[in-house]
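Undergrad: First the structure, which I've put down as structure tokens, then a few questions once you've had a look.
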Amino acid sequence: MAQLVLVRHGQSVYNLRNLFTGELDVELTPLGEQQAHDAATRLRGFRFDVAFTSVLKRANETLRLILEDLGQTALSIHRNKALNERNYGQLQGLNKAETARRYGAEQVQQWRRSYNLVPPGGESLAQTRERAVAYYEAHIRPHLAHDQHVLVVAHGNSLRGLAMYLENLSAQQVLDLEIPTGGARVYDLTADLHIGQLRVL
689 MAQLVLVRHG
699 QSVYNLRNLF
709 TGELDVELTP
719 LGEQQAHDAA
729 TRLRGFRFDV
739 AFTSVLKRAN
749 ETLRLILEDL
759 GQTALSIHRN
769 KALNERNYGQ
779 LQGLNKAETA
789 RRYGAEQVQQ
799 WRRSYNLVPP
809 GGESLAQTRE
819 RAVAYYEAHI
829 RPHLAHDQHV
839 LVVAHGNSLR
849 GLAMYLENLS
859 AQQVLDLEIP
869 TGGARVYDLT
879 ADLHIGQLRV
889 L
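Here it is in structure tokens:
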């Protein structure tokens, strides 16, 4: 039976500083590293056939720590920008509280949480979902179709887009979906790749 595990990277230095990160390439904090180790502890006993991640180092480092802890460092790893975090455009690197004071809290909340609204120079959650799902269909799903166990370590919004697709969530429902740093969603899939069971670790 195929199994898909989605893990969000550990806390980054920009998460800690309350900055819009998006596709900026920043490091994990010590807490973020610990969250990766904690994720590995929760995944103890899982065996993976292949892993996928973004090209950003916070996701790559989280994946590396997980695989080291699980003793699965020989695993084949595929990296692609289609799994990168949502691009926040001109907001990237800005403090979220200061940005709310500048543009208004309601406007910033809409940029962050609406499904279709595009922040200045960035992309919407809908656009992030589109690229993540296209990559899933072309590169991840074929492994699942061969009953393999797949680990994906990526970002809050690219994973929300995948979860929306896999769980058939509406544009409204996905707004309430939060995947914490270091959090995991485990999908046990049926023979036709529908969800047999979903576990949140």
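Per the numbering used here, residue 689 is the first one in the sequence shown, and the count goes up by one each step.
Beta carbons are placed, not taken as given, at the ideal position from N, Cα and C, and that holds for glycine.
Predicted, not measured: the structure shown is a model, and the values here were computed from it.
1. Considering Cα atoms alone, identify which of L839, L782 and L847 is closest to L631.
2. Can you name the residues that DSSP bridges to I754?
3. Quick check: what's the CA-CA separation for Q760 versus L719?
4. State buried or exposed for I883, treating a residue as buried only when at least 16 other CB atoms are found within 10 Å of its CB.
5. Give the range of the alpha helix (DSSP H) segment to which Y702 is assigned.
6. On the three-state DSSP scale, how would you describe V796?
7. Can you confirm whether the region 718-732 touches the region 740-752 when touching is taken to mean that 3 or more C-beta pairs between the two stretches lie within less than 8 Å?
8. Going by DSSP, what residues sit across from Y875 in a beta bridge?
9. Can you name the residues that DSSP bridges to T741?
10. Would you report the Cα separation of Y823 and E773, rounded to the nearest angstrom?
11. Would you report the Cα separation of N783 and F708, rounded to the nearest angstrom?
12. Inspect the CB distances between the region 775-791 and the region 730-749 and report whether three or more fall short of 8 Å.
TA: So, from the data block:
1. What is shown of the chain runs 689 to 889, which leaves residue 631 out entirely.
2. None; I754 has no bridge partner.
3. 23 Å
4. exposed
5. V701 to L704
6. Here DSSP, grouped into helix, strand and coil, assigns V796 to helix.
7. yes
8. L692 and L886
9. R767 and V841
10. 14 Å
11. 6 Å
12. Not touching, per the Cβ criterion.
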